[in-house]
Amino acid sequence: MGKPFHRSWIGSLAVTLACAVGSALLSLLFAFQLSASTPTQTTLVGFAVLPADTFAPGIDAGEKISANGRTGRFNGQPVQGFSAVQFADRTSFWFMTDNGFGGKDNSADFLLRLYRIAPSFRGKGGNGSVKILSFIQFADPDRKVPFKLVNGDRTLTGADFDIESFVIARDKTLWVGDEFGTYLLHFDATGKLLEAPIATPDLKGGFVRSPQSPDLNGDANLGSSKGFESMAINPDRTILYPMLEGTVKGDPKGLLRIYQANAITGKFQGIVGHYKLEDPSHATGDMTVINKDEYLVIERDNEQGNKAKFKKIYKINLTKRDKDQCVEEEEIADLLNIQDPNDFNQDGKTQFRFPFQTIEDILVIDASTILIANDNNYPFSIGRPPSIDNTEILLLKLSRSLNLDSQIGLPER
């Protein structure tokens, strides 16, 4: 079964013509389909890479880590696990790292941060390198967190929260989506926590909680690492749309709740709809705004390298829902089938695949260009054997322009 509301105009036209004029004209139509640009065709127009072994100042992390030839403790903090992205200025971006090494038990020495980075994109006059400009350290100096933190200085670590999504509100404060709670976390522009973690309400009363929740009192109703992997904000930056990565116990299998919350107070205002996964075994990676109704979502399988079969981007419309309250979804990009006529990644091929296990960063640059990046899960993932994964940052040109709100993206000049 396909996506709700998803239709192929070429397929529909083909059936009509076949009934009218027979197989000869139908064959011509299919030949046209093969030669023409498809609605999901994308082209690589910018490429930059941050080497896996990139470190920033801070305590030596990775005491419990040993994989693929890398053994902690590392020399400082690995700059890895990019799980969300927003604009910093015209030439740089804020990328947020997740909890670090994948769990509470191995990430107590991984510091939760935003990194401001400047990619020098091949295809845009650059050399493909990435420069780290600065970082923001998340912390709780005012003791808003009600449970015990790892560090006495109240700097936050991957054993405290599993942060996976973030947006910047109109008042310049930061909203971060967590997977342990699951929580919304509210920080000021310096990374200081402004209020206690905001728990996610359940439809039937109580709260949505993962097995790692610090305030779990009973059975969890959400799977591990299935919290707010994705979160978008409307063009006015007043409404948050956090989306769960997994199905809440009792909900139909493969349906993900898209919540609405106030971007000033963080108060939850209900559920605006559900995202229906193409396959219940899939996961979402990130969500970003196009206009007040339309958003982009990354959906992926859990494979990497040659085993990767499904890494796609869908456009959703929150105001168009079916009888099950599933939002309209339209495929706009296949990340395993990207045109690279200028070979910007320098692999000697004109076809480009983005076969990483976790692809968790998306941002609209302009009406026809999006930015995509992977979470490299340092030092575990090997999406491009034989080496462990770098962080690759792409600029992709879409075959069809988005109906972009004027407040979104970068101006042409």
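Going by the working numbering, the sequence shown opens with residue -18, and the numbers climb by one from there. The beta carbon of each residue, even a glycine, is placed where N, CA and C say it ideally should be.
At a Cβ-Cβ threshold of 8 Å, V278 and V229 do not count as neighbours. Here R124 is exposed. Its C-beta has fewer than 16 other C-beta atoms within 10 Å. Distance from the CA atom of N132 to the CA atom of F76, rounded to whole angstroms, is 23 Å.
A direct Cα-Cα distance of roughly 11 Å separates N357 from D34.
In its chain, beyond the 5 residues on either side, L165, H167 and I179 have a beta carbon closer than 6 Å to the beta carbon of G247. Within a 10 Å sphere around the beta-carbon of D134 sit fewer than 16 other beta-carbons, which makes this residue exposed. Between D141 and L130, the gap from beta carbon to beta carbon is short of 8 Å. Residues of the same chain with a CB within less than 8 Å of the CB of L385, apart from the 5 flanking positions on each side, are I271, N272, V345, D347 and A348 in chain order. Membership of T350 in the beta strand (DSSP E) is indicated by the continuous run T350 to D356. Contact annotation: the stretch 216 to 225 touches the stretch 237 to 254, with at least three C-beta pairs closer than 8 Å. Rounded to the nearest whole angstrom, the CA to CA distance from D274 to K301 is 9 Å. Excluding sequence positions up to five before and after N108, its CB lies within less than 6 Å of the CB of S101, all in the same chain and listed in chain order.
Between T171 and K330, the alpha-carbon positions lie close to 43 Å from each other. Here the alpha carbons of N215 and N49 stand approximately 41 Å from one another. Three or more Cβ pairs closer than 8 Å define a contact, and the stretch 372 to 381 falls short of that threshold against the stretch 261 to 269. Contact check for I98 against S73 passes: the beta carbons are separated by less than 8 Å.
Taking a cut-off of 8 Å for Cβ pairs, the stretch 320 to 340 and the stretch 38 to 54 do not touch, as fewer than three such pairs fall below it.
Taking all protein chains shown into account, P367 has fewer than 16 neighbouring C-beta atoms within 10 Å of its C-beta and is therefore exposed. Annotation for V278: the continuous beta strand (DSSP E) segment containing it runs E275 to R281. Around the beta carbon of G106, fewer than 16 other beta carbons sit within 10 angstroms, so the residue counts as exposed. Burial of Q193 is indicated by the presence of at least 16 other C-beta atoms within 10 angstroms of its C-beta. Under the DSSP assignment, S115 falls in the beta strand (DSSP E) whose first and last residues are V111 to Q118.
Here L203 is not near T138, since their CB atoms are 8 Å or more apart. Selection I46, Q306, A289 and N283 evaluated against F335 yields A289 as nearest (Cα-Cα).
Taking all protein chains shown into account, P360 has 16 or more neighbouring C-beta atoms within 10 Å of its C-beta and is therefore buried. The C-beta of L316 has 16 or more other C-beta atoms within 10 Å across all chains shown, which makes the residue buried.
Within the DSSP bridge table, the entry for K296 names L277 and E311 as partners. Judged by DSSP in its simplified three-state form, K207 adopts coil rather than helix or strand. Nearest to G199 by alpha-carbon distance, out of V111, Y96, G187 and K207, is G187. Counting only the Cα atoms, I319 lies some 14 Å from I374. Residue state for N87 is assigned as helix, using DSSP reduced to three classes.
One Cα belongs to F147, the other to D183, and the distance between them is close to 21 Å. Per DSSP, A69 is not a residue of any beta strand (DSSP E), being assigned neither H nor E. Burial check for K85: the Cβ neighbour count within 10 Å reaches 16 or more, so the residue is buried.
When the beta-carbon positions are compared, E259 and F291 come within less than 8 Å of each other.
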